[in-house]
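Everything on this sheet refers to the single structure shown next.
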Amino acid sequence: MTTSRIALVTGANQGLGRALVEGLAARLGPDDLVLLTGRNAGRVTDAAREVAGLPGTVSRVEGRVLDVTDTDAVAALADELRGTYGGVDIVISNAVARVLPDDSQAERADEFIDVSNSATHAVLRSFGPVLRPSGRLLVVASGLGTLGHLDPRLHPLFDGATLDQVEYAVESWRTAVHNRTAQEAGWPLWLNVPSKVAQVAAVRAVAAERRTRDLADGTLIASVCPGMVDTATSRPWFSDYSGAQSPADAASAVLDLVTAEGVDAAQYGELVQFGKVLPWHDGTPPTAQDALLKP
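Numbering follows numbering that gives the first Met the number 0, in which position 196 of the sequence shown is assigned residue number 195; successive positions increment by one, without gaps.
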């Protein structure tokens, strides 16, 4: 990568997203710009100011209001960065909707799918074309994003799918949730499972179309699993947090992938955790967790 790099992180007001911004601002150079984005203008402004004032910050840090569920806003920001800077070098799609264990999964489905999936599709569609050579476009997913975590009946919807087909599958899932036919069709109650599988499938779809030229110019598109992170979003789901990482520690492994010299072809388009690829077809459908959730 060259100097004057432009980096952008979504869902960056707090938690892992903010740690990713802090890490980028410490690892990139003084001529580089890191954009901290989120929906709430006040929180974005405060977070950007605080990160800019940290002792380890080297790069410029600016806050930008971005609602990732607004497809037009995502596209407009991508167009702006292309017009102003000629593109973008690093994009980390990290936004997620917070859902608590006692929440009705069905009632929260639209918000969760909009933030985790529709937004991921928008980021891939809008920022993929403006990613400069040697760039990095990463989607933060989870180890639940491998295909084996879904009922085998659903595998054909995502295995080898195009981005259009992934979007169609996600909307079919959304409709099934609203029609109360999701379980009958094999969809798990826990929204996080199909959502993460769909995120990884979307990345795989885009990567499959770009693979040859991206590898030729050192560009990486991948999904990443940061592991268990101690954040307000994830803490309510676990009784034992002894193995959880701080957001800063979790961000470090992701940023190692961002700042690595060259691209490992084995990681391109895949789900990567701590530098290792999680095989797409691994995993088993979770059933114990589903039994604890409200429909």
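Just so you know, even glycine gets a beta-carbon here, dropped at the ideal spot from N, CA and C.
In the DSSP assignment, what residue or residues form a beta bridge with residue i?
i: ILE89; result: ALA6, ARG135
i: ALA250; result: ALA250 is not bridged to any residue.
i: GLN272; result: LYS275
i: GLU61; result: LEU34
i: SER117; result: None, per the DSSP bridge assignment.
Measuring straight from C-alpha to C-alpha, what distance separates residue i and residue j?
i: THR56; j: ALA252; result: 18 Å
i: ALA201; j: LEU190; result: 17 Å
i: ASP248; j: GLY242; result: 12 Å
i: PHE111; j: ALA121; result: 15 Å
i: SER92; j: THR180; result: 30 Å
i: VAL60; j: TRP279; result: 35 Å
i: VAL271; j: THR211; result: 19 Å
i: HIS177; j: ALA105; result: 7 Å
i: ARG209; j: LEU162; result: 12 Å
i: ASP158; j: GLY62; result: 37 Å
i: ALA264; j: ASP213; result: 10 Å
i: VAL95; j: ALA215; result: 32 Å
i: THR1; j: ALA51; result: Its pLDDT being 46, under 50, THR1 is placed unreliably by the model, and the measurement read from it follows with that caveat. Cα-Cα distance, rounded: 22 Å.
i: ASP255; j: LYS195; result: 22 Å
i: PRO132; j: PHE273; result: 24 Å
i: ALA24; j: GLY185; result: 43 Å
i: GLY41; j: LEU32; result: 20 Å
i: ALA206; j: GLU49; result: 35 Å
Would you decide whether residue i is buried or exposed? Buried here means 16 or more other CB atoms lie within 10 Å of its CB.
i: LEU143; result: buried
i: PRO155; result: exposed
i: ALA118; result: buried
i: TYR267; result: buried
i: ASN12; result: buried
i: ASP88; result: buried
i: THR68; result: buried
i: ARG203; result: buried
i: LYS304; result: Only positions 0 to 294 of the chain appear in this structure, which leaves residue 304 out of reach.
i: GLY22; result: buried
i: GLU295; result: There is simply no residue 295 to check, as the chain begins at 0 and stops at 294 in what is shown.
i: SER103; result: exposed
i: ARG152; result: exposed
i: ASN39; result: exposed
DSSP three-state label for residue i, please.
i: VAL223; result: strand
i: LEU130; result: strand
i: GLN266; result: coil
i: VAL228; result: strand
i: SER245; result: coil
i: SER141; result: coil
i: ASP213; result: helix
(request) Give, in chain order, every unbroken run of the alpha helix (DSSP H) that is at least 4 residues long and sits entirely within the region 145 to 206. (result) You should have 154 to 157, 162 to 177, 181 to 184.
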